[in-house]
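Down below is the structure, laid out as structure tokens.
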Amino acid sequence: MDFRKEGCQAAFEAFVGDVMKQYEAVGLAVSVFDKSDVLYEKAFGCRDLESQKPIDENTIFGLASVSKSFTAMSIMLLRQRGLVDLNEKVSTYIPEFRDPQDQPVLVWHLLCHSGGFFPMPRILVEHVAADMGIWNGGKDELTFDESLALEGARQVAERMSTRTSFICKPGERMSYCNDGFGLLSEIVRRRGGEKSFAEFVKKNILEPLGMSRSCAEYIAPLHDENACTLYKHVGGKLQGGWDFYDNAFVLPGGGAMKSTLHDLRAYVRMYMNDGAPLTDEWTVREMTKIRQEYRFHSWYGYGIATNTIGNMTIHQHGGSLTGVSSNFAWCPELGIGVVVLCNTSGVPVSQISNALFRWFDGQEPYTEPQFHEVCWTKEQIEAACGAYQSGEGTRIEITAPEGRLQVVVAGETVDFITAAPDMLIVRHPFNTADMIFLPGGDGRPFAVRFGGRIVPREV
0 MDFRKEGCQA
10 AFEAFVGDVM
20 KQYEAVGLAV
30 SVFDKSDVLY
40 EKAFGCRDLE
50 SQKPIDENTI
60 FGLASVSKSF
70 TAMSIMLLRQ
80 RGLVDLNEKV
90 STYIPEFRDP
100 QDQPVLVWHL
110 LCHSGGFFPM
120 PRILVEHVAA
130 DMGIWNGGKD
140 ELTFDESLAL
150 EGARQVAERM
160 STRTSFICKP
170 GERMSYCNDG
180 FGLLSEIVRR
190 RGGEKSFAEF
200 VKKNILEPLG
210 MSRSCAEYIA
220 PLHDENACTL
230 YKHVGGKLQG
240 GWDFYDNAFV
250 LPGGGAMKST
260 LHDLRAYVRM
270 YMNDGAPLTD
280 EWTVREMTKI
290 RQEYRFHSWY
300 GYGIATNTIG
310 NMTIHQHGGS
320 LTGVSSNFAW
330 CPELGIGVVV
340 LCNTSGVPVS
350 QISNALFRWF
360 DGQEPYTEPQ
370 FHEVCWTKEQ
380 IEAACGAYQS
390 GEGTRIEITA
400 PEGRLQVVVA
410 GETVDFITAA
420 PDMLIVRHPF
430 NTADMIFLPG
440 GDGRPFAVRF
450 GGRIVPREV
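Residue 437 in numbering that gives the first Met the number 0 sits at position 438 of the sequence shown; the count goes up by one each step and never skips.
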């Protein structure tokens, strides 16, 4: 493996620069490492535009959905201790949850987003805390508030329990579900012997791995001298802020973690070392085992996704929230791990992660993906047309003016190619997303799978 191949590093760094320019990313940091050494590490941009302060290995970033791997690991640690059974009903641990279908939702279903639920609107920390009279404009640390955890769990469980429309029976299909991982973190809180999910993670994952600058808190990172400002685009303009409560789910298991390059190296190395020193090989194998189809050529286990790049197997997870674009990954064949952290929303950092693996495999870091176009029949076009509405807010409208497909996502017309009789590939700069049409009983799709979520056709 000649990862020092002439020109590859320059090509990779030029690619990062192009991505950052396209998406107006303020600061981004990458690290590549094996089990003992850092092989490459570099910071691009800065952690704060106004001060131009640099990023280093100890700079704190939000992790967003990378947190789901911490939640899954917490559940697996409780399983290892005999405190949680993955094949037990969720209602056993969260009595507020009532199975809405005749087949029960089990713990393992939630671990791989397979409870059968369509996407639902976020229940936010701010809204629940305000209704309880404990919201102080985001100035107080609510991570350790037991009353908020109980009320959040009640509201999430109640909403899931009263659903009347479902994708499928539990365990049959995957659709990304923040609510499910929220309930998993509440199981950790109730069964783990700590007063909060954050304290369990700290004592059972962070401290054993020496991750001293990581946490699942909202306020502490804001007072740290080496933390990133969070950037997002509002009305087409870049806006910075310091609000980790922005769009934060009321239960922390889906996206509350914060960390650094240094700390995440230790976390990823734990997986690369078959769980040592935290857990055992069986746990890592179960977490990375393919259980559900996630995206095109991508699958999901327990809080860990798996995809391939040529002959390389990549275990990974990404995250996106206000001021957060994150990804961690490792490749067993190459024996390396990768962390990419960015303080700007909507940046395709997974593509930067993939570029690192290609570089260290001796390949060109990035080449434009090629897809063979498949011509759709008139009947296929007519069947696909309609509106698809996600409970999380995304709306997809498919029309065929003069017989030509047009796709609008979140109000914007997107570029795409018909890559299979049931699949479009939506093309963004340096990134693609598959849109797969799921057949219904009336000959038309009942939903589309987009971004890992199954979005129902609007009736």
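Don't be surprised by glycine CBs; every beta carbon is placed ideally from N, CA and C.
Practice task
Return the residue from the list 415, 371, 229 that minimises the CA-CA distance to residue 525.
Solution key: Because the chain is modelled from 0 through 458, residue 525 falls outside the range shown and cannot be assessed.
Problem - Proximal residues to residue 196 (C-beta, below 7 Å), its chain only, five neighbours per side dropped - result: For this step, residue 196 is matched to residue 197 along the sequence shown. The residues are 184, 187, 188, 215, 251, 252.
Exercise for the section: Tell me whether residue 217 sits in a helix, a strand or coil according to DSSP, three-state version. Expected result: Reading the sequence shown from its first residue, position 218 is the one you call residue 217. Looking at residue 217 - three-state DSSP - the assignment turns out to be coil, as it is neither helix nor strand.
Handout entry: Three or more C-beta pairs below 8 Å linking the segment 327–340 and the segment 235–251
Key = With the cut-off at 8 Å, the segment 327–340 and the segment 235–251 do not touch.
Problem - beta strand (DSSP E) segments (min. 3 residues) lying fully within the segment 267–350 - result: The qualifying runs are 291–294, 297–299, 304–308, 311–320, 323–330, 335–341.
Exercise for the section: Would you grab the beta carbon distance between residue 349 and residue 232 for me? Rounded to a whole angstrom, and I think it's under 8 Å. Expected result: In the sequence shown, residue 349 corresponds to position 350, counting from 1. In the sequence shown, residue 232 corresponds to position 233, counting from 1. Between residue 232 and residue 349 the Cβ distance is about 19 Å, and since that is not below 8 Å, they are no contact.
Handout entry: Spatial distance of residue 174 from residue 54 (CA atoms)
Key = The sequence position of residue 174 within the sequence shown is 175, counting from 1. The sequence position of residue 54 within the sequence shown is 55, counting from 1. About 35 Å.
Exercise for the section: Can you tell me which of the three DSSP states residue 264 falls into? Expected result: Here residue 264 is taken as the residue at index 265 of the sequence shown, counted from 1. Residue 264: helix per DSSP, three-state reduction.
Practice task
Taking only runs that begin and end inside the segment 145–191, name each unbroken alpha helix (DSSP H) of 4 or more residues, in chain order.
Solution key: 145–160, 177–190
Handout entry: One or two residues paired with residue 102 in a DSSP bridge
Key = As a position in the sequence shown, residue 102 is number 103, starting the count at 1. Under the DSSP definition of a beta bridge, residue 102 lacks any partner.
Handout entry: For residue 138 and residue 435, the rounded distance between their alpha carbons
Key = Here the question's residue 435 lines up with position 436 in the sequence shown. Here the question's residue 138 lines up with position 139 in the sequence shown. Cα-Cα distance, rounded: 42 Å.
Exercise for the section: Under 8 Å Cβ to Cβ from residue 285, same chain only, skipping five residues before and after it: list those, please. Expected result: In the sequence shown, residue 285 corresponds to position 286, counting from 1. The answer, listed in chain order, is 75, 300, 301.
Practice task
Quick one: which unbroken alpha helix (DSSP H) runs of 4-plus residues sit fully inside the segment 15–91? Chain order, please.
Solution key: 66–79
Exercise for the section: Taking 7 Å as the cut-off, decide whether the C-beta atoms of residue 370 and residue 418 are in contact. Expected result: The residue labelled residue 370 in the question sits at position 371 within the sequence shown. The residue labelled residue 418 in the question sits at position 419 within the sequence shown. In this structure, residue 418 lies closer than 7 Å to residue 370 by Cβ.
Problem - residue 379: first and last residue of the uninterrupted alpha helix (DSSP H) it sits in - result: Position 380 of the sequence shown holds residue 379. Taken as a continuous stretch (DSSP letters only), the alpha helix (DSSP H) holding residue 379 covers 377–383.
Exercise for the section: Assign residue 354 to one of three DSSP states: helix, strand, or coil. Expected result: If you number the sequence shown from 1, residue 354 lands on position 355. Three-state result, residue 354: helix.
Exercise for the section: With a 10 Å radius around its C-beta and 16 neighbouring C-beta atoms as the bar for buried, classify residue 0 as buried or exposed. Expected result: For the purposes of this step, residue 0 is identified with residue 1 of the sequence shown, where counting begins at 1. For residue 0, the predicted model reports a pLDDT of 43, less than 50, meaning its position is unreliable; a value from the coordinates is still stated below. So residue 0 counts as exposed.
Exercise for the section: Can you check the segment 377–421 for any alpha helix (DSSP H) of at least 4 residues that lies completely inside it and give the ranges in chain order? Expected result: 377–383
Handout entry: Under the three-state DSSP convention, the category residue 9 falls into
Key = Walking along the sequence shown from the start, residue 9 turns up at place 10. The answer is helix: DSSP assigns residue 9 an H, G or I state.
Problem - Contacts around residue 319, its chain only, beta-carbon distance under 8 Å, and the 5 residues preceding and following it disregarded - result: Along the sequence shown, one-based indexing puts residue 319 at 320. Excluding sequence neighbours, residue 319 sits near 63, 64, 325, 344, 345.
Practice task
Report the rounded CA-to-CA distance for residue 22 versus residue 430, giving the unit in angstroms.
Solution key: Counting from 1 along the sequence shown, the entry for residue 22 is found at position 23. Counting from 1 along the sequence shown, the entry for residue 430 is found at position 431. Cα to Cα, the separation comes out at about 11 Å.
Handout entry: Where the beta strand (DSSP E) containing residue 232 begins and where it ends
Key = Numbered from 1 along the sequence shown, position 233 holds the residue referred to as residue 232. Counting along the chain, the beta strand (DSSP E) containing residue 232 begins and ends at 229–233.
Problem - Start and end residues, beta strand (DSSP E) containing residue 454 - result: Against the sequence shown, residue 454 aligns to sequence position 455. Here the beta strand (DSSP E) through residue 454 covers 452–455.
Practice task
Within 10 angstroms of the Cβ of residue 374, are there 16 or more other Cβ atoms? Answer buried if so, exposed if not.
Solution key: Numbered from its first residue, the sequence shown carries residue 374 at position 375. Residue 374 should be labelled exposed.
Exercise for the section: Report the three-state DSSP secondary structure of residue 138 (helix, strand or coil). Expected result: To locate residue 138, count along the sequence shown from 1; it is residue 139. Coil.
Exercise for the section: Over the uninterrupted beta strand (DSSP E) stretch that includes residue 129, give me the two end residues. Expected result: Working through the sequence shown from its first residue, we reach residue 129 at position 130. Secondary structure note for residue 129: it is in no beta strand (DSSP E), and the uninterrupted alpha helix (DSSP H) holding it is 124–131.
Practice task
Taking residue 50 as the reference, give the member of 439, 84, 151, 227 with the closest Cα.
Solution key: Counted from its first residue, the sequence shown places residue 50 at position 51. Selected option, being the one with the closest Cα: 227.
Problem - Inter-residue spacing [alpha-carbon to alpha-carbon] between residue 96 and residue 236 - result: Counted from its first residue, the sequence shown places residue 96 at position 97. Counted from its first residue, the sequence shown places residue 236 at position 237. Whole-angstrom Cα-Cα distance: 42 Å.
Exercise for the section: Counting only the same chain and skipping the five closest in sequence on each side, list residues whose C-beta sits under 7 Å from that of residue 274. Expected result: By 1-based counting over the sequence shown, the position of residue 274 is 275. So the qualifying residues of the chain are 280, 282, 283.
Exercise for the section: Provide the residue(s) that pair with residue 435 in DSSP beta bridges, ordered along the chain. Expected result: Start at 1 with the first residue of the sequence shown, and residue 435 comes out as number 436. In DSSP, residue 435 forms a bridge with 422, 448.
Handout entry: Beta-carbon separation (whole angstroms), residue 383 vs residue 444, contact threshold 8 Å
Key = Walking along the sequence shown from the start, residue 383 turns up at place 384. Walking along the sequence shown from the start, residue 444 turns up at place 445. Indeed they touch by this definition, with Cβ atoms about 6 Å apart.
Handout entry: Cβ-Cβ separation, residue 332 to residue 306 (assumed contact under 8 Å), whole Å
Key = Working through the sequence shown from its first residue, we reach residue 306 at position 307. Working through the sequence shown from its first residue, we reach residue 332 at position 333. Not quite, the Cβ-Cβ distance comes to about 13 Å (not below 8 Å), so this is no contact.
Problem - Secondary structure of residue 194, DSSP reduced to three states - result: As a first step, residue 194 must be located in the sequence shown, where it is residue number 195. Coil.
Handout entry: Cβ distance (whole Å) where residue 218 is taken to contact residue 73 below 8 Å
Key = Translated into positions along the sequence shown, residue 218 becomes position 219. Translated into positions along the sequence shown, residue 73 becomes position 74. With a Cβ gap of about 22 Å, residue 218 and residue 73 do not count as contacting.
Problem - At least 3 beta-carbon pairs within less than 8 Å: the segment 383–401 vs the segment 441–455 - result: yes
Handout entry: Nearest residue (CA-CA) to residue 181, options 67, 225, 61
Key = By 1-based counting over the sequence shown, the position of residue 181 is 182. Checking every option, the nearest Cα to that of residue 181 belongs to 67.
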